[in-house]
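Comments concern the structure below.
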Amino acid sequence: MAAQHVRGEIMSNHSQTITPSTSTPLTGAALKAALVGTWELISYKVEEEESGALIDAMGDHPRGRVIFTQDDWVAFNLEGTGRTPAKTDDDRARLMQTLVAYIGRYHIEDNQWITQVETAWAPEWVGTQQRRTVTVDGNTADVITPWRLMPNWGGGQMSRSIIRFHRAG
Numbered sequence: 001m002a003a004q005h006v007r008g009e010i011m012s013n014h015s016q017t018i019t020p021s022t023s024t025p026l027t028g029a030a031l032k033a034a035l036v037g038t039w040e041l042i043s044y045k046v047e048e049e050e051s052g053a054l055i056d057a058m059g060d061h062p063r064g065r066v067i068f069t070q071d072d073w074v075a076f077n078l079e080g081t082g083r084t085p086a087k088t089d090d091d092r093a094r095l096m097q098t099l100v101a102y103i104g105r106y107h108i109e110d111n112q113w114i115t116q117v118e119t120a121w122a123p124e125w126v127g128t129q130q131r132r133t134v135t136v137d138g139n140t141a142d143v144i145t146p147w148r149l150m151p152n153w154g155g156g157q158m159s160r161s162i163i164r165f166h167r168a169g
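No gaps in the numbering here: position 123 of the sequence shown is 123 in UniProt numbering, and each next residue is one more.
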């Protein structure tokens, strides 16, 4: 995994710098209205808190979708680059390191979506609230998680995810 020191910028899957939106952030009902629908993953990076390193934790071409419904459900599914069918128990364990998936009820507070997780790839997330800061600018949504210990990676280091989605057509 390549690490880059680029605080304040988001690097895309294709080595382009993605700068966060400078438009006025949507909040509350306006943010919810903008989020409802299906979004396709464009970029997924993990920033390590201690070093500031930006890592392709899910590889250079991850795939995924997040779906927000009008009646307050969210389904979030992201998978890493190059996943192949497992042949052994070790293969199955490695697949868990390149997956983030959860479903739950969500609500909006200011410029954040908060999910009450009902089911997840990581059992420790079930019953928790997952908070995400989100900025929507047209058909692009930039998402940043709080600093946290991630079940898949990080070796016990605090990190946050920096994610870009495009509205699916």
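Yeah, the Cβ is synthetic: ideal placement off N, Cα and C, and Gly gets one too.
Pick from the options that is closest to residue i, judged by C-alpha positions
i           : options                        : result
Leu149      : Asp142, Met158, Pro123, Val143 : Met158
Thr145      : Trp153, Gly64, Ile162          : Ile162
Gly127      : Tyr102, Ile42, Ala33, Asn111   : Tyr102
Ile55       : Val46, Val100, Pro62           : Val46
Asp71       : Leu26, Lys32, Gly28            : Lys32
Glu50       : Arg160, Arg167, Val143, Gly169 : Arg160
residue 200 : Phe76, Lys87, Phe165           : The question about residue 200 has no answer here: the residues shown for the chain are numbered 1 through 169.
Under 8 Å between C-beta atoms of residue i and residue j
i      : j      : result
Tyr106 : Thr119 : no
Glu40  : Phe165 : yes
Gln97  : Trp147 : no
Arg63  : Ala168 : no
Contacting residues, own chain, Cβ-Cβ under 6 Å from residue i (five flanking each side not counted)
i     : result
Val74 : Phe68, Tyr106, Thr115
Contact set for residue i: own chain, Cβ-Cβ below 7 Å, skip 5 residues either direction
i      : result
Leu95  : Arg83, Ala86
Gly104 : Val74, Thr115, Gln116, Val117, Glu118
Arg131 : Gln112, Ile114, Pro146
Which parts of the UniProt domain "Lipocalin-like" (36-167) are runs of the beta strand (DSSP E), unbroken and 3 residues or longer, counting only runs that do not cross its ends? Complete beta strand (DSSP E) runs here, min 3: 37-48, 53-55, 63-68, 73-79, 99-109, 112-120, 129-137, 140-144, 159-167.
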